[in-house]
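Each remark here refers to the structure printed beneath this line.
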Amino acid sequence: MKTAAIDVESLQALHDTLQRFIVAHEKSDADTQRDILRQLVEREQAAYQRKIEALGELKTLMREVRAARGVDNCVASLITAFKFAAELRAIAQDELDDRETAETATSAAHQLFEQLEAIVPENSAILLDLLTDPSPAVQASAGAHLLHTVPEQAIPVLEALDRHASGSPSLSAWFALARHKAENGVK
Amino acid sequence: MLKFAKILHQNKGVAVLNGAAATVFLVLGPLPASAPDVSKASPDDPVHPGWPAGTPGGLGGKFRPKDGSAREAGEAAINRVALRRAIRTLLTQALSLPLEVAANVIPALGEAADVIMVGQLAATFAEFRQLDVDTKVALDFVANGPYTLDDLRVSRASEAFSSYDEFYKGSPVAEGLDKRFGPAGNGYEYHHIVEQGGPNATAIAAGELHNTENIVRIPTLLHQAINREYGAITSETDGLTLREWLRSQPFSVQREKGVEIMRKLGIVR
Numbered sequence: 017m018k019t020a021a022i023d024v025e026s027l028q029a030l031h032d033t034l035q036r037f038i039v040a041h042e043k044s045d046a047d048t049q050r051d052i053l054r055q056l057v058e059r060e061q062a063a064y065q066r067k068i069e070a071l072g073e074l075k076t077l078m079r080e081v082r083a084a085r086g087v088d089n090c091v092a093s094l095i096t097a098f099k100f101a102a103e104l105r106a107i108a109q110d111e112l113d114d115r116e117t118a119e120t121a122t123s124a125a126h127q128l129f130e131q132l133e134a135i136v137p138e139n140s141a142i143l144l145d146l147l148t149d150p151s152p153a154v155q156a157s158a159g160a161h162l163l164h165t166v167p168e169q170a171i172p173v174l175e176a177l178d179r180h181a182s183g184s185p186s187l188s189a190w191f192a193l194a195r196h197k198a199e200n201g202v203k
Numbered sequence: 003m004l005k006f007a008k009i010l011h012q013n014k015g016v017a018v019l020n021g022a023a024a025t026v027f028l029v030l031g032p033l034p035a036s037a038p039d040v041s042k043a044s045p046d047d048p049v050h051p052g053w054p055a056g057t058p059g060g061l062g063g064k065f066r067p068k069d070g071s072a073r074e075a076g077e078a079a080i081n082r083v084a085l086r087r088a089i090r091t092l093l094t095q096a097l098s099l100p101l102e103v104a105a106n107v108i109p110a111l112g113e114a115a116d117v118i119m120v121g122q123l124a125a126t127f128a129e130f131r132q133l134d135v136d137t138k139v140a141l142d143f144v145a146n147g148p149y150t151l152d153d154l155r156v157s158r159a160s161e162a163f164s165s166y167d168e169f170y171k172g173s174p175v176a177e178g179l180d181k182r183f184g185p186a187g188n189g190y191e192y193h194h195i196v197e198q199g200g201p202n203a204t205a206i207a208a209g210e211l212h213n214t215e216n217i218v219r220i221p222t223l224l225h226q227a228i229n230r231e232y233g234a235i236t237s238e239t240d241g242l243t244l245r246e247w248l249r250s251q252p253f254s255v256q257r258e259k260g261v262e263i264m265r266k267l268g269i270v271r
């Protein structure tokens, strides 16, 4: 027997789903209970699939970075991979709730940014352009990395993200600023 | 890059699809919207709020979160915690799987939920009923928030204790009380704004940790959401969690950041 599709995308919707499960249990309606559980399994499977695909793409992009020849190609592949890793990190924390993916993506983004810094000059427009990327996750990661070299450009971006963005980009921006202030003795 | 962006931004609504429909969705990705959203962001538009021109970071003219975003962020964080608990219950109670291998067996679960025994459903029911209580408490709490820190205190009087146990139970010799503050109530827990565990247990005086200004009463799901934020990787550069960094900071910094996390989750204003 199929019951209505479950919706767990908001707290109220999740509460309603739990209520449906409880009512079904009280009525000894095992089919409805199983159907709700099965849909939860499917939801988890879909999230897992999304994680596997994203990690696979990250691996592909990292491979392309290693295979790139010539400065322009290297920089282009590093930028592409960095943006992907930064976004994946935010998605892993805010949507997939997956620590393993978040750790992998964070580490990848950091490595990629260090490689970029090693081959392009400090204050390069290539790096500064990342601060105006449409993705708040990319801005936050780039801002945190550029905080020590170009604080005058990175700080306003991180402050704006801290105030106006949501989820992990906001938290990352706030944390980068708090740590920077603590390390530099700023009140 | 388009291909990668598509992978990252698949519609979260996949969860509501069943069986073959879900498979099709996973292969094809979300269907295109029937019409592109042509609305424009404006600083004065409450429906499509935007950042004003000149906002640093190239944000000017782009959409910004609607007012009340702290509250929305809080609700989203609670929802993630509650959903995680539901999934954990499903895996450990209904499907009798040890939690540590749960993630690896997800793809192979198949129709396992369809053959769950009635006895296992009963165990799941008990867990889901408590989660239902916790969810209802959190919904009510959020609907009436945000609060001041004073609102969340267990007592307006400033009282310090030598341990959490004493805060909870009271001293057996003091006025013959069996309990001091006792249980926080169904769906609620006590939260230390400056954490009591780890290095804090020895580096900070007990009276500073276990007092009526540092311990507040909040819904269980919000407490778990705060703990999740503390445990999340917060540093872009070295993978440190907020908890790992805060533990190296003085009490005043830990308290300030603890309150800020509560503010970001829409708990306090």
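From first to last, the protein sequence lines stand for chains P and V.
Heads up: the first sequence begins at 17 in the numbering used here, then just goes up one per residue.
Heads up: the second sequence begins at 3 in the numbering used here, then just goes up one per residue.
For every residue, glycine included, the Cβ atom is placed at its ideal position computed from N, Cα and C.
Since this is a predicted model, take the numbers as computed values, not measurements.
Using a beta-carbon distance below 9 Å, is residue i in contact with chain V?
i              : result
L143 (chain P) : no
F98 (chain P)  : no
T165 (chain P) : no
Q35 (chain P)  : yes
V24 (chain P)  : yes
A160 (chain P) : yes
A84 (chain P)  : no
Q131 (chain P) : no
V136 (chain P) : no
G201 (chain P) : no
D238 (chain P) : Summary: the structure shown does not reach residue 238 (chain P), with chain P confined to residues 17 through 203, and so no result is reported for it.
D110 (chain P) : yes
R79 (chain P)  : no
L204 (chain P) : A question about residue 204 (chain P) goes unanswered here, because the residues of chain P that appear run from 17 up to 203.
V57 (chain P)  : yes
R195 (chain P) : yes
A192 (chain P) : yes
S140 (chain P) : no
A124 (chain P) : no
Under 9 Å between C-beta atoms, does residue i make it to chain P?
i              : result
K197 (chain V) : Per the sequence presented here, residue 197 (chain V) reads as Glu, with Lys not at that position. For E197 (chain V), the answer is no, since every Cβ of chain P falls outside 9 Å of its Cβ.
V144 (chain V) : yes
A75 (chain V)  : yes
Q226 (chain V) : no
A124 (chain V) : yes
L154 (chain V) : no
G241 (chain V) : yes
I89 (chain V)  : yes
D167 (chain V) : no
A24 (chain V)  : Note on A24 (chain V): pLDDT 28, under 50, position unreliable in the model; the coordinate value appears next. Yes, A24 (chain V) lies at the interface with chain P (some Cβ there is under 9 Å from its Cβ).
N206 (chain V) : Note that residue 206 (chain V) is Ile in the sequence shown here, rather than Asn. It does not; no Cβ of chain P falls within 9 Å.
R219 (chain V) : no
E215 (chain V) : no
R86 (chain V)  : yes
R131 (chain V) : yes
R245 (chain V) : no
Indicate the three-state DSSP secondary structure (helix, strand or coil) for residue i in the structure shown.
i              : result
T48 (chain P)  : helix
E130 (chain P) : helix
N81 (chain V)  : helix
V91 (chain P)  : helix
I217 (chain V) : strand
V270 (chain V) : strand
A162 (chain V) : strand
T236 (chain V) : coil
R85 (chain P)  : coil
What are the start and end residues of the alpha helix (DSSP H) that includes residue i?
i              : result
P185 (chain P) : G183 to E199
I228 (chain V) : T222 to G233
E210 (chain V) : A208 to L211
V261 (chain V) : F253 to K266
L92 (chain V)  : Careful: L92 (chain V) lies outside any alpha helix (DSSP H) and carries neither H nor E.
T150 (chain V) : Segment: none, T150 (chain V) is in no alpha helix (DSSP H) and carries neither H nor E.
E284 (chain V) : Chain V is shown only over 3 to 271; residue 284 (chain V) falls outside these bounds and no answer can be derived.
I23 (chain P)  : Ile is not the amino acid found at residue 23 (chain P); the sequence shown has Asp there. Premise fails: D23 (chain P) is in no alpha helix (DSSP H) and is neither H nor E.
A186 (chain V) : Note, A186 (chain V): premise wrong, no alpha helix (DSSP H); not H, not E.
L248 (chain V) : L244 to L248
What are the start and end residues of the beta strand (DSSP E) that includes residue i?
i              : result
E191 (chain V) : Y190 to H194
With hydrogens ignored, establish whether the beta-carbon of residue i is closer than 8 Å to any heavy atom of the ligand MN.
i              : result
Y149 (chain V) : Of ligands this structure carries none, so the ligand MN is not represented either.
Contact criterion: CB-CB distance below 9 Å. Does residue i meet it with respect to chain B?
i              : result
I235 (chain V) : Protein chains in the displayed structure are P and V, and chain B is not among them.
- Task: May I have a chain-ordered list of the alpha helix (DSSP H) segments no shorter than 4 residues that lie completely inside the segment 102 to 168 of chain P?
- Result: Whole alpha helix (DSSP H) segments, 4+ residues: 115 to 135, 141 to 144 and 152 to 162.
Decide yes or no for the touch test of the segment 40 to 53 of chain P against the segment 67 to 87 of chain P: beta carbon pairs closer than 8 Å, at least 3 of them.
Under the three-pair Cβ rule at 8 Å, the segment 40 to 53 of chain P does not count as touching the segment 67 to 87 of chain P.
Review point. Is it true that the segment 141 to 150 of chain P meets the segment 111 to 126 of chain P, where meeting means three or more beta-carbon pairs spaced less than 8 Å apart?
Key: Short answer: they don't touch.
Handout entry: Stretch-stretch touch, CB-based, cutoff 8 Å, three pairs: the segment 183 to 190 of chain V with the segment 251 to 260 of chain V
Key = With a cut-off of 8 Å on Cβ pairs, the segment 183 to 190 of chain V is not in contact with the segment 251 to 260 of chain V, counting fewer than three such pairs.
Quick check: the segment 25 to 33 of chain P against the segment 132 to 140 of chain V, are there 3 or more CB pairs under 8 Å?
-> Yes: the two stretches touch, three or more of their Cβ pairs being nearer than 8 Å.
query = Just checking, does the segment 231 to 241 of chain V make contact with the segment 173 to 187 of chain P on the three C-beta pairs under 8 Å criterion?
reply = A contact exists between the segment 231 to 241 of chain V and the segment 173 to 187 of chain P.
task = Check whether the segment 154 to 164 of chain P touches the segment 209 to 225 of chain V, taking contact to mean three or more Cβ pairs, one atom from each stretch, closer than 8 Å.
result = Per the Cβ contact rule, the segment 154 to 164 of chain P is not in contact with the segment 209 to 225 of chain V (fewer than 3 Cβ pairs under 8 Å).
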